[in-house]
Amino acid sequence: MTDEVRDVVGKARAERAPSAEDRERIRRRLAVAIAAGAAGAGASAAAGASASATSASGIAAWIKIGLATIALGGVGVVAHRVVTQEETPTVARAPSVAPSEPPTLAIEPVVIATETNDTEPAREEPTPTRRRRAATTDDLARDLEALHEAQRAWRSGDARAVLRHVRAHEDTFPRSQFRAERRALEILALCALGERAEAQRLTRRFLDTAPDSPARRSVLESCGAPDVR
Amino acid sequence: MTQTNPALALPPERPAPGSARPLDFEAVYAECFDMVWRYVSFRVPRAMQDDVVQEIFLVVHQRLSSFEGRSSVRAWVAGVARNVVRDQLGRVANRSLGAPLVSEPATHDDPGGAIDRKRAADLVEEALGKMSDEQRDAFLLLEVEELSSREAAEVLGVNDSTLRSRLRAAREVLTAAIGRFRAREGRVTGQRGGGHD
């Protein structure tokens, strides 16, 4: 490799290195997704196997982080799971959770924030605290799973289905923790359908109400963005 | 704005009972995040980057307990990243999601001078867009992420000779991209010089 090629590669590598903000943002999103996945696993017959894997890979701490992050309102995220056919070895997929009951969106920050300081592994005894948390994570899992539907529709390229799912989600979870991501999906879907004026109207509202959302960049790169990019 | 709450600090992990090779997700995340982030940045549009990086680590999280240590963790995660990226690109192949996958080449404000970091990244991206999939992966894993030949060969499922051949071809593509950049630069310089005559 010539010196110039080596120089270009080194600089490109440095240019694309993540910032501390990138690292932290993805960490929060992952924590939420993992917490939601754990809630789903707990609601399924496969909970035993999932709990074992969770313990072995030290995921309990991430679940706590995810719950605390949600309680603290520090994240706007779509936690998603994509089935990847070609990936290697054995696969233990977290089961999805079918929405079945009207949600209760009261997350209990005091309980969760207290648990973030707990360095002990999660115990299995069903204490009153754990029962309250389980109810909370189930609600969150249903909320997320409903939004997953919209994101899956987006990934499959069906913008009309995205709008249907988004609006159903809005009806069912009007105070969802993921309102910003829901709005972002709606904007992207409207753009895909050529409804630019409505996309721009919603983008203005999005930027007013969720200026720090991780979805901001996607929205600003859509047709809903102001004309001057 | 990033809000880092001290309450989010991760507690130390303990080895899982009966686990001969404890491997916690925090450690894997810390070790591999930069690699995954960079790899994804060169492979997908910006608008998809967060989602794809998140997806990669979700897959890693799901499968960590099945990791047997036959390859390095970095090589294993790189393999997951490669597959998730391929899957995601296949899903959005015909859909615009904001920024283009390959940036348009641009001229430089400092002709003849050192290539700055932004321009270097654009040049690499331009070259990646002209490489075959095989060359691209060999180049990213070996040159950008500095995996060992053995690790990269494991990820790509090829022997060392094939890997070297792909890497050689990829380097030639980048060298050509740099050459085109220098030529464009020269034209701009010439035009500017001509304007003053």
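Chain order of the listed sequences is A and B.
Under our numbering, the letters of the first sequence match residues 80 to 308, in that order.
Under our numbering, the letters of the second sequence match residues 890 to 1086, in that order.
C-beta: ideal position from N, C-alpha, C; glycine also.
These numbers come from a predicted model, not from an experiment.
Residues of the same chain with a CB within less than 6 Å of the CB of residue 228 of chain A, apart from the 5 flanking positions on each side, are 244 in chain order.
Only those residues of the segment 225 to 247 of chain A whose C-beta falls short of 7 Å from the nearest C-beta of chain B are listed: 234, 236. Taking one beta carbon from each stretch, the segment 90 to 102 of chain A and the segment 1001 to 1015 of chain B have 3 or more pairs nearer than 8 Å; the two touch.
Minimum Cα-Cα distance from residue 85 of chain A among the listed residues B:1064, B:1070, B:1075 corresponds to B:1064. Contiguous alpha helix (DSSP H) elements confined to the segment 1007 to 1081 of chain B occur at 1022 to 1028, 1038 to 1045, taking only those with 4 or more residues. Membership of residue 933 of chain B in any alpha helix (DSSP H) is not indicated, and neither H nor E is assigned to it by DSSP. Not one beta carbon of chain A lies nearer than 8 Å to the beta carbon of residue 1025 of chain B.
The C-beta of residue 262 of chain A comes no closer than 8 Å to any C-beta of chain B. Fewer than three Cβ pairs drawn from the segment 927 to 941 of chain B and the segment 952 to 960 of chain B lie within less than 8 Å of each other, which leaves the two stretches out of contact. Within the segment 1048 to 1063 of chain B, 1060, 1063 place their CB atoms closer than 7 Å to a CB of chain A, listed in sequence order. In this structure, the beta-carbon distance from residue 963 of chain B to residue 920 of chain B falls below 8 Å.
Listed by position along chain A, the residues whose Cβ is nearer than 8 Å to that of residue 961 of chain B form an empty set, because the closest Cβ is around 14 Å away.
A:236 is the residue among A:236, A:105, A:221 whose C-alpha sits nearest the C-alpha of residue 979 of chain B. Contact between the segment 1045 to 1061 of chain B and the segment 1015 to 1031 of chain B is present: three or more C-beta pairs spanning the two stretches fall below 8 Å. The three-state secondary structure of residue 959 of chain B, taken from DSSP, is coil. One alpha carbon belongs to residue 294 of chain A, the other to residue 99 of chain A, and they sit about 18 Å apart.
Listed along chain A, the residues sitting closer than 7 Å to residue 1009 of chain B by beta-carbon distance are 87, 90, 91, 94. Residue state for residue 288 of chain A is assigned as helix, using DSSP reduced to three classes. Taking a beta-carbon distance threshold of 8 Å, residue 930 of chain B counts as an interface residue toward chain A. In the structure shown, the three-state DSSP call for residue 302 of chain A is coil. Buried is the label assigned to residue 262 of chain A, since at least 16 other Cβ atoms lie within 10 Å of its Cβ.
Annotation for residue 262 of chain A: the continuous alpha helix (DSSP H) segment containing it runs 258 to 271. In this structure, the straight-line span from the alpha carbon of residue 290 of chain A to that of residue 241 of chain A is close to 23 Å. Relative to the Cα of residue 232 of chain A, the nearest Cα in the group A:260, A:264, A:278, A:276 belongs to A:264. Residues of chain B with a Cβ closer than 7 Å to the Cβ of residue 112 of chain A are, in chain order, 943, 947. Look at residue 236 of chain A here: in three-state DSSP terms it is coil, with no helix or strand label.
Excluding residues up to 5 positions away in sequence, 263, 267 lie with their Cβ nearer than 8 Å to the Cβ of residue 297 of chain A in the same chain. By alpha-carbon distance to residue 1021 of chain B, the top candidate from B:1041, B:1050, B:1061 is B:1061. Of A:91, A:255, A:303, A:90, the smallest CA-CA separation from residue 278 of chain A is found for A:303. As the crow flies, the alpha-carbon of residue 1042 of chain B is around 21 Å from that of residue 948 of chain B. Pairing residue 1038 of chain B with residue 1052 of chain B gives a Cβ-Cβ distance under 8 Å. Any Cβ of chain B closer than 8 Å to the Cβ of residue 108 of chain A would place that residue at the interface, and such an atom is present. For the C-beta of residue 1032 of chain B, the chain A residues within less than 7 Å are, from N- to C-terminus, 88.
When DSSP states are grouped into helix, strand and coil, residue 939 of chain B belongs to the helix group. Within the same chain, Cβ atoms closer than 6 Å to the Cβ of residue 272 of chain A are found at 238, the five residues on either side in sequence being excluded.
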